[in-house]
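What follows is one structure encoded as structure tokens, with my remarks underneath.
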Amino acid sequence: MQIRKTLTLRHSGGGNAPEDEGESVFAHAITHQLCVRASYNRGLVILAPHILYTRHGDRFADAVVIERNGARSTETKLGTFKLSGLRGAVITSEPFNPFDGYDAGDDRYTKTIIARIDS
Numbered sequence: 001m002q003i004r005k006t007l008t009l010r011h012s013g014g015g016n017a018p019e020d021e022g023e024s025v026f027a028h029a030i031t032h033q034l035c036v037r038a039s040y041n042r043g044l045v046i047l048a049p050h051i052l053y054t055r056h057g058d059r060f061a062d063a064v065v066i067e068r069n070g071a072r073s074t075e076t077k078l079g080t081f082k083l084s085g086l087r088g089a090v091i092t093s094e095p096f097n098p099f100d101g102y103d104a105g106d107d108r109y110t111k112t113i114i115a116r117i118d119s
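Our numbering puts the sequence shown at residues 1 to 119.
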């Protein structure tokens with residue numbers, strides 16, 4: 001059994017909302033093309049985040065699900081995740097390659113982009 005190393009990013013000054021910490025984790029993961037492990041809908045997911053943006057005042061990440069509850073994903077597609085629904089996000093040491101279907105110039109990303117990989 002191979003154990004995956006996990007990198008944890010924490011702010012040094014208290015008072016930050018969990019969503020702000022999630023934003024930092026996802027922004028760093030996107031910049032360095034590293035996967036993120038988080039709890040989502042009462043399950044554990046490993047995501048390859050491609051873009052982090054705001055829409056209607058909420059933060060979203062579009063990512064490919066690499067693994068859900070310990071099982072590799074059978075379908076490769078870009079999904080949208082509301083940051084407030086992702087709990088305990090941590091960066092893994094697992095790198096990812098950009099998804100071919102990702103288009104940084106897509107119209108849905110015309111709102112504020114916080115971080116993105118270039119397609």
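Quick reminder that beta carbons are idealized off the backbone N, C-alpha and C, glycines included.
Source: prediction; values computed, not measured.
Exercise for review: Pull up the distance between the alpha-carbon of alanine 104 and that of isoleucine 66, whole angstroms please.
Suggested key: Approximately 20 Å between the Cα atoms of the pair.
Check your understanding: Where do the ends of the beta strand (DSSP E) carrying arginine 108 lie?
Key -> Run containing arginine 108: none; DSSP gives neither H nor E here.
Review point. Closest to alanine 112 by CA distance: which of Ile91, Tyr102, Tyr53, Glu23 is it?
Key: Looking at the sequence itself, residue 112 is threonine, so the reference to alanine does not match. Considering only alpha carbons, the answer is Tyr53.
**Study point:** Among Ile51, Glu21, Leu44, nearest to leucine 34 - alpha-carbon criterion
**Key:** Closest by C-alpha distance to leucine 34, out of Ile51, Glu21, Leu44, is Ile51.
Review point. My guess is that valine 45 and threonine 92 are in contact by the Cβ rule of under 8 Å, so how many angstroms apart are they, rounded?
Key: In this structure, valine 45 and threonine 92 do not form a Cβ contact; the two beta carbons are roughly 11 Å apart against a cut-off of 8 Å.
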